[in-house]
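Number of protein chains: 2
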Amino acid sequence: MALGKNYEGQDCSLARALELVGERWTLLVVRDALYGVRRYGDFLAHLGIPRAVLSQRLQTLVDAGVLERVRYSQSPPRDEYVLTAMGRELWGPVYLLAQWGERNLSKAGPRRVFHHVTCGARIDPHGLCPSCGGRPPLEETEVRPGPGADPFRDDPVSVALRRPHRMLGPLPG
Amino acid sequence: MALGKNYEGQDCSLARALELVGERWTLLVVRDALYGVRRYGDFLAHLGIPRAVLSQRLQTLVDAGVLERVRYSQSPPRDEYVLTAMGRELWGPVYLLAQWGERNLSKAGPRRVFHHVTCGARIDPHGLCPSCGGRPPLEETEVRPGPGADPFRDDPVSVALRRPHRMLGPLPG
DNA sequence: CTCCAAGGTTCATTCAATGAACTGATGGAG
DNA sequence: CTCCATCAGTTCATTGAATGAACCTTGGAG
């Protein structure tokens, strides 16, 4: 982003957050990781991001401690990118921003809805479970397709992400 | 951002939100507007943003309905940019993102802290008032300098923003 | 030995950001 | 009336990042 020069003058922690996750594509990568996407090729297919940009973003996020690169196959050597605790904490801001977009910029209904699996209730716009009143952790949150889901994307990652599944969990199917 | 082409394929309201407020500088402009900054010259001085970029961002935000351009002086003709309801709703995501940056990227203490004026209590990291348990509206929220506030920025806007004042209110001093 | 796939890197082109200079309207001081 | 300053931009040359296509590398599979 080359904002270091400018952001050093900024008197706000938002600026430091944006330095890291405010770059083009970065929050979409994090969102996909929250949904359970872990592999280079899956990010690539689902986001339609240029390869060079994806490589650079993954590296930046690993360096910053948002993602961790984990070997999941010795031979052939293959790594996947999984969210750290720091990365999982981005769920709050990401969820609120998506809800804001939903309310203000979307004509169709929500593309995805989120449920608290232990209660079965749909999570509200502030991120609270209307049934238990708590803030469901990601491990107890399930993504399901909403009424505005786009049924025309038929690449394997999009199809897998349309099946109800736990957040962070490996892609179903 | 020229992301229209790419974002049309995106199956998520987050993408639409980022199309609008995910551009470089945009969320910092919104943050300043939430703090009470309203004038072109004040944004310019406080953010250190290039003039051409500020003009473009303000125009985009006005077109999208996040800001409204309001005439506050007939002669000389002067306009200010104030947040609409849609813009004020960005407080949630902006606050959570700043808190995330605070926890994960900041060594000093918080630069600003937020209090619910009707209770006097400091708002917690989720945006709730620990005293009344509610989610204080912006009109009842006061910004105060925190322990990590940078005392070296002495331009008039930074000085004004360091004085405790209501969110959205005109700059004190 | 050849072929293929996953996960990258390289490279030319396009597009946006930057910072400095310029414009244009208005009003105040002398 | 003239000169100067201020505010709110616009213009422009330069730099830097994003894009998309092509290429490379490693390690199976047949």
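Just so you know, the protein sequences line up as chains A and B, in that order.
So in my numbering, spot 23 of the first sequence is number 23, and the numbers just go up one at a time.
Every number in my numbering is 1000 more than the matching position in the second sequence, counting from 1.
Where a beta carbon is used, it is the ideal one built from N, C-alpha and C, also for glycine.
For Ser1073/B, the enclosing beta strand (DSSP E) covers residues 1067 to 1073. With 16 or more other CB atoms across the displayed protein chains lying within 10 angstroms of its CB, Gly127/A is buried. Within the same chain, Pro1130 come within 8 Å of Asp1124/B by CB-CB distance, once the 5 residues on both sides are set aside. Look at Leu1128/B here: in three-state DSSP terms it is coil, with no helix or strand label. In this structure Gly1087/B is not in contact with Val1143/B, their Cβ atoms being roughly 17 Å apart against a cut-off of 8 Å. In the displayed model, Thr1060/B falls within a helix according to three-state DSSP. Under the three-state reduction of DSSP, Val1117/B is assigned to coil, being neither helix nor strand. By the criterion of a C-beta distance shorter than 7 Å, Ala1045/B is surrounded in its chain by Asp1155, Val1157, once the five residues flanking it on both sides are discounted. For Glu1140/B, the three-state secondary structure derived from DSSP is helix. At a cut-off of 8 Å between beta carbons, Gly1134/B makes no contact with chain A. Taking one beta carbon from each stretch, the segment 1095 to 1114 of chain B and the segment 1139 to 1153 of chain B have 3 or more pairs nearer than 8 Å; the two touch. Its Cα nearest to that of Leu171/A, the residue Val37/A stands out among Val21/A, Val37/A, Glu19/A. Interface criterion not met: the Cβ of Gly1169/B is under 8 Å from no Cβ in chain A.
In this structure Leu1027/B touches Leu18/A by the C-beta definition: roughly 6 Å separates them, less than 8 Å.
For Asp1042/B, the CB contacts under 6 Å within the same chain, skipping 5 residues up- and downstream, are Val1157 in chain order. Leaving aside the five residues that flank Val21/A on each side, the residues in its chain whose CB is nearer than 6 Å to its CB run, in chain order, Leu27. Assignment of Arg1112/B by DSSP, reduced to helix, strand and coil, places it in the strand class. When 9 Å is used as the limit between beta carbons, Leu1054/B is near no residue of chain A, the shortest such separation being about 13 Å.
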